[in-house]
């Protein structure tokens, strides 16, 4: 258990550093926004391109891996929407926000640093293969639900096609397919290495600043329920399906489980802010689930024992 805690400690320690720095007014929200923008638009895309352009991808599509994860997403998303409407009288759009918060993991700011710390290089391919479809599926589902099916498919595709992370994935996959070792070319490799290395610490600092900014603005009843769905039920479903039903490789099952155990993604807040509905709920769910995930993630790493 202590070894598992040592894996988690640096990750959440840097998040805590960002939180304390903002609490002490040593940094501003503007700095956090800038860091987050840098991470999402530059650092993480560089890291993904570097990995995918030289990765050895399995020839057979890992359907059991993907199905294990997204079956869990469907369950917790549906439950969150039902609970928000049935017991909290949320309207249509706030229910969509609740479902999105329960089903969409904080992959960039928490998931990538945490999983790479826990599994090292062995976790890179399964991690980025899941990220490759995680954002398109969850964003598309949330948008279609919010628009009541009226949104045009081309509008969704246009938004996704401009996303820096998806562009990096496409370029990395293309470089690998044509056997172009861009990531291994002298100065290019040095640039990629330096920028990619900055992704993890910058993402964690940004998350800490954001947690202080959002706080607990909407009470804790529904955010607590959504937190439980996200960091307790979701990883449990994924683990049972991946490790027991589909019996996939232990590292891949572990990556999927930790991915599911990540707290509510910041996209839920951005989505709510865009539609001007339940932004306070989304912010509270993000803060609460991030704090609580320190315990649940430690327990999962201890149970999965990737280093053992």
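Numbering (our numbering), first residue to last: 27 to 334.
Where is the CB? At the ideal position from N, CA and C, for every residue including glycine.
Only a predicted model underlies this, so the values are computations on that prediction, with no experimental measurement involved.
- The secondary-structure analysis by DSSP pairs residue 131 across a beta bridge with 290.
- As the crow flies, the alpha-carbon of residue 137 is around 12 Å from that of residue 227.
- Residue 146 is not a Cβ neighbour of residue 102, given a cutoff of 7 Å.
- Residue 263 has its alpha-carbon roughly 19 Å from the corresponding atom of residue 109.
- Between residue 172 and residue 119, the gap from beta carbon to beta carbon is short of 7 Å.
- The alpha carbon of residue 291 has as its nearest neighbour, out of 324, 157, 195, the alpha carbon of 157.
- The beta carbon of residue 316 lies closer than 8 Å to those of 41, 132, 136, 233, 237, 289, 290 in the same chain, with the five residues before and after it left out.
- Under the three-pair Cβ rule at 8 Å, the stretch 53 to 71 does not count as touching the stretch 240 to 252.
- DSSP, read as helix, strand or coil, puts residue 215 in helix.
- Cβ-Cβ separation between residue 93 and residue 202: approximately 24 Å, too far for a contact (criterion under 8 Å).
- Taking 8 Å as the upper bound for CB-CB distance, residue 222 and residue 32 are not in contact here, some 24 Å apart.
- Going by DSSP, residue 269 is part of no alpha helix (DSSP H) at all; its letter is neither H nor E.
- Residue 260 counts as buried, since at least 16 other C-beta atoms from the protein chains shown sit within 10 angstroms of its C-beta.
- Between residue 314 and residue 253, the C-beta spacing is below 7 Å.
- When only Cα atoms are considered, residue 116 and residue 255 end up about 17 Å apart.
- In this structure, the straight-line span from the alpha carbon of residue 187 to that of residue 166 is close to 12 Å.
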